Every structure is written in structure tokens, then in C-alpha cells.
RNA sequence: GGUAUCGUAGCUCAGUCGGUAGAGCAAUGGACUGAAAAUCCAUGUGUCGCUGGUUCGAUCCCGGCCGAUACCA
């Protein structure tokens, strides 16, 4: 009885996850931890879909975590997220509250569930010095001996290749402690996992409508502000679809209409990749209770609350 | 109204000196452990505008019709 003490809400973009999570949290005496790789950045609000008003339920603001915790321009990653997530989750538990994890970054959700072993890996100065005279090819060969290459981002950027080597070497060293599922307060076995579902065509329509709304609400302006702050256009393209395409428009590489339609398509494709990830989780025997997105957040929150209290 | 060009995949277009067709994009499925809204892999798709004719055989050649565009009136 009551062996599930945490709730996870996932789903593709534009399905109303945030509002649902907030309503669920208000009914279960919980706080929300965001598992969103983009909403961690300050100053990136419209483009990452930070709907802060969604956290207000019945006049109260539901506490939310891991939003606005990094500077735009800095680089946050899966290790940072694991570390921060465990800290915040343990803190919430210590205060006697429940946890609602909410997000669309499949990899971050799996990290939150403690499915990865990620180890604190300092920069290896000695290796950095030695590698100065190595060619890119030699570095790639070293990485290959340590682990299979995931994709071209491993090797197209020399500094990333070096970092990947350091991490792969550290991972092979069993002595050092790692952040792993042993230390994760939120796990598959103690969580109820829900997904918000819409037919694909409906998700696309929602994405397009939301994009129109965001453009009207000043998203060009938001990107302009970031550029004004001195973030380089080529860096800004790494911070998500909106930033990538709008920067291309603001720097004159795309007309407004081209930008809109390319961006719209890119978000559609992103939603598809998110669904692929969630199906993969299910294939790995992680059970996801799918909720009909057409139902109101209150209705779906009721379903979640009932399952949560009766498990 | 006349002349010219065009009409091929969801879109933009290529092509077949006559033997029923192919690229890019889109779409769909998949992979994924330190940039993950990243990155990468795989897979279709068609009354070749309609209708007659020539031909063993027409998407391709010829006629007519319809539609689009440009120019001329």
C-alpha cells in the first residue's frame, strides 16, 4: 500500500503538462520539479514555454524547481541536472512534501528516475596539456577505444571530444562515487508515471497556434534582448528551436515567413522525437499511464490523484 | 480573343531520343548516458491534367478540351 510516493508527468510539447502538474501538486501537497532542459535558463521564457502563471492554483503559487537556475549563455547539461535534481528532491522530501516531476525532455526524466550513472568529472589538466599536440583524428581514436561514438557531436568539436574522453575515462574508474540510482529519491519503482496524449495532428495544430501566440507576445523581442546582452548569434542557436530560427531571422538569413514555417516544422519534428523517446521508455518496461489531453487539467488531475491515493 | 510556355509524389521540381518514373523538402518508424529542443539511422509515396489518335506499347509524339502563367490585342 502506498509504495508510490512520487508522480511524474511527461508528454510532448504543447500538451499542457505544466498546468496539469501544478493542479496535481495542489491536490497532493506536492512541489513541482521541472525536467526541462531549456527552462533552466534565465531570460529564455517565451521560447522555452515557461508558463509561470500556470503555477498559480486557487490563488496560491505552487513551488516549482529547476527553472531559471542557469544564465543564458552558460551550458547546463545532464550531469548538472541529475545533481540538482537529487538535491532538490531530497530537500522536498525532508520537508515532508510530495514530488511531481514534470517535463518533456525524455533524457532528463530518465536521469530524474535514476536510470543513468553520472559521475562528477573534473577537467584533467594533464591530459589537456598532452592532447594539445594530438590531431582531431587521434582524439577521436582514443574516444573510440573507450566507448562507441554516439553521433557527430562527439567529434565535430575538439573541446567536446576531449571532454568526452575525460568523462569516459572517469566512468571506467569504479572507485569513485557516482550519482546513480542507489542515491536517487525518485525511481521507477516508487513513482507513478503519466503521459499527456493527443492525436499527432492535434499536437501539430496546437504547436502552430501556440507559436503564433508567442510571436504576438513578443518572442522576437526576447531573442533581441539576448543578443543585446552579448550572447553570440552562433551560440544562441544551441538554446532551442525558437532561438535558433529566430536568430537566423534577426541576422537576416531568413525572412519572417521562412523562419516561421521552418520553425513550426522543426517543433513538429521535435514533438515526434519526444513521442519516440516515450515509446522507448515503455518498451523498457517503464509503465506510463496515458491521459487524454482533451480533458481538462482538473479532470486529469482527479484521475491522477485517485490512482496516487489508491496505489 | 490570339500567341507562347507549363500542368509528373503532400510541396518544389528533374526525367523518360516511346518500354508505366526520381531528387530535395515534408511525412512515418527507430537510435540515444555530460549541447538532448542536440545529433544520427531507416522507409514509402504516384490514374505523369482530361480525352481522342498514331503505335505491339504513350507520361513522352499528334489533335481537342480544361487549368495556370507571361506577352500581344
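Numbering (this note's numbering), first residue to last: 74 to 384.
Cβ coordinates follow ideal geometry from the N, Cα and C atoms, glycine included.
Quick caveat, the model's predicted, so the values are computed rather than measured.
Residue 298 and residue 340 - do their beta-carbons sit closer together than 8 Å?
Not in contact: residue 340 and residue 298 (Cβ atoms no closer than 8 Å).
Distance between beta carbons of residue 115 and residue 145, contact taken as under 8 Å
The C-beta separation of residue 145 from residue 115 comes to about 6 Å, placing the pair in contact by the 8 Å criterion.
Give the straight-line distance between the Cα atoms of residue 362 and residue 131, rounded to the nearest whole angstrom.
Spanning the two alpha carbons is a distance of roughly 26 Å.
So, helix, strand or coil for residue 376, using DSSP?
If DSSP states are grouped into helix, strand and coil, residue 376 belongs with the helices.
Does the distance from the CB of residue 377 to the CB of residue 161 come in under 8 Å?
No, they are not a contact pair.
For the beta strand (DSSP E) containing residue 105, list its first residue and its last residue.
Its beta strand (DSSP E) spans residues 103–107.
Helix or strand or just coil, what does DSSP make of residue 318?
In the structure shown, residue 318 sits in a helix (DSSP, three-state: H, G or I).
Helix, strand or coil at residue 205 according to DSSP, with G and I counted as helix
Residue state for residue 205 is assigned as coil, using DSSP reduced to three classes.
Suppose contacts are defined by Cβ-Cβ distances below 8 Å. Is residue 120 in contact with residue 296 by that definition?
Yes, the Cβ-Cβ distance between residue 120 and residue 296 is below 8 Å.
Extent of the continuous alpha helix (DSSP H) run through residue 81
According to the DSSP assignment, residue 81 belongs to no alpha helix (DSSP H) but to the beta strand (DSSP E) extending over 79–83.
Which residue comes first and which comes last in the beta strand (DSSP E) that contains residue 171?
Here the beta strand (DSSP E) through residue 171 covers 171–176.
I need the boundaries of the beta strand (DSSP E) containing residue 269, first residue and last residue.
First-last of the beta strand (DSSP E) with residue 269: 264–270.
How many angstroms separate the CA atom of residue 101 from the CA atom of residue 171?
Between the alpha carbons of residue 101 and residue 171 lies a gap of roughly 7 Å.
Close-in-space but distant-in-sequence residues of the same chain around residue 277 (CB under 7 Å, 5 per side omitted)
When the five nearest sequence neighbours on each side are left out, the beta carbons in the same chain lying within less than 7 Å of the beta carbon of residue 277 are those of 341, in order along the chain.
Quick one: residues in its chain with C-beta nearer than 7 Å to the C-beta of residue 263, no 5 flanking neighbours on either side, listed in chain order?
Within the same chain, 76, 77, 78 and 79 come within 7 Å of residue 263 by CB-CB distance, once the 5 residues on both sides are set aside.
Report the partner residues of residue 329 according to the DSSP bridge assignment.
As far as DSSP is concerned, residue 329 takes part in no beta bridge.
Span of the alpha helix (DSSP H) holding residue 298?
292–301 is the extent of the alpha helix (DSSP H) around residue 298.
Determine the direct distance from the alpha carbon of residue 287 to that of residue 329, and round the result to whole angstroms.
Roughly 14 Å separates the two Cα atoms.
Top-ranked residue by Cα proximity to residue 333, from 267, 281 and 384
Nearest of 267, 281 and 384 to residue 333, Cα basis: 281.
Simplified DSSP assignment, three categories, for residue 435
With the chain covering only 74 through 384, there is no way to say anything about residue 435.
Spatial distance of residue 185 from residue 320 (CA atoms):
Residue 185 and residue 320 have their C-alpha atoms spaced approximately 31 Å apart.
Given a threshold of 16 other Cβ atoms within 10 Å of its Cβ, counted over all protein chains shown, does residue 155 qualify as buried or as exposed?
Burial call: buried.
Select from 194, 164 and 206 the residue whose C-alpha is nearest the C-alpha of residue 238.
Cα-wise, what sits closest to residue 238 is 194.
Residue 94: buried (16+ other C-beta within 10 angstroms of its C-beta) or exposed?
Buried: at least 16 other Cβ atoms inside 10 Å.
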